[in-house]
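Colleague: Residue numbers (the UniProt record's numbering): 1 to 196.
No residue lacks a Cβ here, since even glycine has one placed at the ideal position from N, Cα and C.
Note that the coordinates shown come from a computational prediction; the quantities given were computed from them, not determined experimentally.
Once you've had a glance at the structure underneath, I'll fire off some questions.
The following block contains the structure:
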């Protein structure tokens, strides 16, 4: 029985430092025995959440696609940048749309269904000195916990990320790579324990 992990960066930028870090973390989770699906939120564009739009049209097609992906996985591996001291708009918008119910709003149609029973591991990369440690990751942890997600205590805030990767997208510092591997292993192990 493998832990099914959905991995993505909370950034739409093509050359995002967080997309580099999520690729490294996703590979580490695979090496730890996880079954990882790596997606790009830029492939799932959605309008900004608006209650009137939801009432008129329901959930956007890409929200429904992401909802199915969330439902099919046991855990989330989220690597997020920090925008103005908090969670980036593209990530918060995704979380908000997926928290809306569909159909009769019960069971797998409920707004909480994509998050219920999930485990999450959080990481973040910034060019600055704190690596999302003090603002974005705590905010994201609060949001996910509110949605009943179990967020593991281990996290990877990567400061000075603009200097952290080589030309192949690998981490230059073996200590940082080891930290990412331990984080990914913890996510896999915690997910398996909670699935048992």
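Suppose the cutoff is 8 Å on Cβ atoms and the five residues either side in sequence are ignored; what does the same chain contact list for residue 58 look like?
Modeller: 102.
Colleague: Hey, how far is the Cα of residue 173 from the Cα of residue 43?
Modeller: Their Cα atoms are separated by approximately 31 Å.
Colleague: Grouping DSSP H, G and I as helix and E and B as strand, with all else coil, what is residue 237?
Modeller: Residue 237 is absent from the model: the chain starts at 1 and stops at 196.
Colleague: Hey, would you say the C-beta of residue 146 is under 7 Å away from at least one heavy atom of the ligand FMN?
Modeller: As presented, the structure is devoid of all ligands, the ligand FMN included, so that no description of it is given.
Colleague: Can you give, in chain order, each stretch of the beta strand (DSSP E) that sits fully within the segment 25–90 and has at least 3 residues?
Modeller: Counting only runs of 3 or more, we get 35–38, 75–79.
Colleague: If you drop the 5 nearest sequence neighbours on each side, which residues of the same chain put their C-beta closer than 7 Å to that of residue 65?
Modeller: The answer, listed in chain order, is 44.
Colleague: Per DSSP, residue 4 is paired with what?
Modeller: DSSP output for residue 4 lists 35 as bridge partner(s).
Colleague: For a minimum of 3 consecutive residues, which ranges assigned as the beta strand (DSSP E) are wholly contained in the segment 99–126?
Modeller: You should have 119–125.
Colleague: Is the segment 28–37 in contact with the segment 86–101, if contact means three or more CB pairs nearer than 8 Å?
Modeller: The answer is no - the segment 86–101 does not touch the segment 28–37, with fewer than three Cβ pairs under 8 Å.
Colleague: Does the structure place the segment 152–165 close enough to the segment 123–131 that three or more beta carbon pairs sit under 8 Å?
Modeller: The segment 123–131 vs the segment 152–165: in contact.
Colleague: Where residue 12 and residue 194 are concerned, what is the direct C-alpha to C-alpha distance, given to the nearest angstrom?
Modeller: Using only the alpha carbons, I get a separation of about 31 Å.
Colleague: Report all residues from its chain with a CB closer than 7 Å to the CB of residue 18; omit the five preceding and five following residues, and keep chain order.
Modeller: Same-chain partners within the cutoff: 9, 10, 11, 79, 80, 81, 124, 125.
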